[in-house]
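In my numbering, the protein residues as written are -8 to 161.
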């Protein structure tokens, strides 16, 4: 049985989905959750042990008290996508890499656009930190579609240096 719960944040709700004691996805907002999940096949369970632990770790992260996550995730994708997602896990809290740098990290320097598409397909935002990937000129680019304000908020939590609207921020 697939279960879900939600957690509130400064930038909206995050929907957490689990099955077989593994996190299956984190959806940013109800619209994404309803568009991607077969809601009729899900059971809302705010007491699911894994979902409770995920909420605890996310709250710690949002409060600036957690820099890494320790959660079992069901990571599925192409070999290329998984290589990108694994490289994201190597970007430290508070640091950023450009899409070009991630392409170089996986040994595919010409695959910059494909790295962007793999980031977009990441089912575990925050936990697999695709928000730490920014433009080559240190500016923010799309996140979860076009919601750059979420990327901005997450990077501010981490104290990462980047430019937004031409201004350097911390």
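Glycine included, every Cβ here is placed at the ideal spot set by N, Cα and C.
Note that the coordinates shown come from a computational prediction; the quantities given were computed from them, not determined experimentally.
The three-state secondary structure of residue 73, taken from DSSP, is helix.
Between the stretch 75 to 93 and the stretch 7 to 16 there are fewer than three inter-stretch CB-CB distances shorter than 8 Å, so the stretches are not counted as touching.
Here DSSP, grouped into helix, strand and coil, assigns residue 2 to coil.
Cβ atoms of residue 53 and residue 148 come within 8 Å of each other, at about 7 Å.
For residue 44, the secondary structure class from DSSP, reduced to helix, strand or coil, is helix. Collapsing the DSSP output to three states places residue 19 in a strand. Counting only residues of its own chain and dropping the five nearest sequence neighbours on each side, residue 82 has a CB closer than 7 Å to the CB of 88, 120 and 123. Here residue 117 is buried, its C-beta having at least 16 other C-beta atoms within 10 Å.
The DSSP-derived three-state label of residue 106 is helix. For the pair residue 129 and residue 140, the Cα-to-Cα distance works out to about 15 Å. Around the CB of residue 30, fewer than 16 other CB atoms lie within 10 Å, so the residue is classed as exposed. When DSSP reads this structure, residue 35 sits in a beta bridge with -5.
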